[in-house]
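Per full-length UniProt numbering, the very first residue in the sequence shown carries number 1; after that it's consecutive.
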Amino acid sequence: MVPNPKDVKEQIWEAVDMAFVVGQGGKKSVLASAAKKWKDFKSTLTRHYILPYTNDKEKLSHPPETYKFIEKAQWDAFVASRLSQDFESVHSQHAQIREKLEYNHRLSRKGYAGLEDELEETMPGVEIDRSTLWKRARQDKHGNIPDPKVAEKQN
């Protein structure tokens, strides 16, 4: 039986609210953070414990030792969903999109908004246009451009 998502969200919120002092205004951000962590966890399981072993049914027959809290029935359902045709088509479609990206940025969590804020602090009074942001987003912390394709584009 699949639990109702609203009930699960409420259970997560109640558990967090009991363990930590969080005002009612923090509920949205707490649940958003939990959703992100859940998505990342499923991605980690898929990348490290399912996709490398698609041809080894023995390794996929039980949950990884690291995650002993995962019940066998849950693991079997998760593996089946990740080996389904629907998942495979979405996965390959996203892999193709990722391959087409030529100029990777190095912003991490900061994003363009954070970079713009940082540049406004370090360069007061200077108008920061989008080309400056694009160039800075592809530099490492020492100002070097590690990707030769990006370096060629910037010059």
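For every residue, glycine included, the Cβ atom is placed at its ideal position computed from N, Cα and C.
Values in this document were obtained by computation on a predicted structure and should not be read as measured data.
Distance, residue j Cα to residue i Cα
i	j	result
aspartate 17	glycine 125	44 Å
phenylalanine 69	tryptophan 75	10 Å
histidine 94	serine 84	16 Å
arginine 47	leucine 115	30 Å
leucine 119	lysine 135	12 Å
tyrosine 67	glycine 26	29 Å
serine 131	histidine 91	32 Å
glutamate 99	isoleucine 145	20 Å
leucine 78	proline 5	A small fix is needed here, since residue 78 is phenylalanine in this sequence, not leucine. Going from the Cα of phenylalanine 78 to the Cα of proline 5 covers about 17 Å.
glycine 111	lysine 28	21 Å
aspartate 40	glutamine 154	33 Å
alanine 80	aspartate 7	25 Å
serine 43	serine 108	18 Å
aspartate 117	aspartate 129	12 Å
leucine 133	isoleucine 97	23 Å
serine 122	glycine 143	A quick correction: the sequence has threonine, not serine, at residue 122. One C-alpha to the other measures close to 14 Å.
9 Å Cβ cutoff met for residue i and residue j
i	j	result
alanine 151	arginine 106	no
lysine 149	glutamate 102	yes
valine 30	valine 22	yes
Proximal residues to residue i (C-beta, below 8 Å), its chain only, five neighbours per side dropped
i	result
lysine 72	His62, Pro63
glutamate 58	none
glutamine 53	Before going further, note that residue 53 is tyrosine rather than glutamine in the sequence given. Closer than 8 Å at Cβ, skipping near neighbours: Lys59, Leu60.
Same chain, Cβ closer than 6 Å to residue i, five either side skipped, listed in chain order
i	result
arginine 82	Thr46, Ile50
alanine 113	none
Neighbourhood of residue i by C-beta, 7 Å cutoff - its chain only, sequence neighbours within 5 removed
i	result
aspartate 140	Arg106, Pro146
Q. Is the number of C-beta pairs between the region 2-17 and the region 26-42 that are closer than 8 Å three or more?
A. yes
Q: Jot down the residue ranges of each uninterrupted alpha helix (DSSP H) in the region 87-128, minimum 4 residues, whole runs only, in chain order.
A: 111-122
Q.
My parser needs the alpha helix (DSSP H) runs of 4 or more residues fully inside the region 5-30; what are they?
A. 5-19
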